[in-house]
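Beneath this line is the structure, given in structure tokens, with notes to follow.
Here it is, written out as structure tokens:
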């Protein structure tokens, strides 16, 4: 018998599914070529809330660990995050994250990997941090995750 998690009942991942509907195949192809050339970083490798100030950064920010857990557990989104991370790992011996994604998006990648590692996503995210970031976790992501959740209301 599955026991529902009340925290996950309020998580809405539809914004990611909608954004990826027309862009995911292209994003994956860009990663496979080893060169990102279009705009999809926010919803393929999302970051924790509070790091980015653009409209897209705010719209696609993960709101906290419950939403990160839900993203990882989602059959489509979790599988796609794993797939894209694995493609990145395939380049680790040849190219830097900055060479693949551009320097700004390489920072977002580090933030995303830090978030999903902290959310218990498995060693894939740890390996990506080791391979592309010298094992350095994103301090701002860890700081946000350590903050107490705001009270409702």
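In the numbering used here, the protein residues as written are 6 to 158.
Idealized CB from N, CA, C, for every residue including glycine.
State the DSSP-derived secondary structure class of residue i, mapped to helix, strand or coil.
i: residue 105; result: helix
i: residue 17; result: coil
Just checking my contact of residue i with residue j at CB under 8 Å: how many whole Å lie between their CB atoms?
i: residue 76; j: residue 47; result: Between residue 47 and residue 76 the Cβ distance is about 13 Å, and since that is not below 8 Å, they are no contact.
i: residue 35; j: residue 43; result: 7 Å
i: residue 56; j: residue 146; result: 7 Å
i: residue 102; j: residue 137; result: 4 Å
i: residue 45; j: residue 28; result: 5 Å
Identify the continuous alpha helix (DSSP H) that holds residue i and give its terminal residues.
i: residue 146; result: 144-151
i: residue 83; result: 80-95
i: residue 60; result: 60-64
Applying the 10 Å Cβ sphere with the 16-neighbour rule, what's the burial state of residue i?
i: residue 109; result: exposed
i: residue 122; result: buried
i: residue 72; result: buried
i: residue 115; result: buried
i: residue 85; result: buried
i: residue 143; result: buried
i: residue 134; result: buried
i: residue 31; result: exposed
i: residue 139; result: exposed
i: residue 125; result: exposed
i: residue 51; result: buried
i: residue 26; result: exposed
i: residue 53; result: buried
i: residue 9; result: Confidence in residue 9 is poor, its pLDDT being 44 and thus under 50, which makes the residue's placement unreliable; the coordinate value appears in the next sentence. Under this definition residue 9 is an exposed residue.
i: residue 106; result: buried
i: residue 59; result: exposed
i: residue 151; result: exposed
i: residue 80; result: exposed
Any chance you could list the alpha helix (DSSP H) runs of at least 4 consecutive residues sitting entirely within the segment 23-53, in chain order? 29-38, 46-49
So within the segment 111-141, which uninterrupted alpha helix (DSSP H) runs reach at least 4 residues, ignoring any that extend past its ends? 128-138
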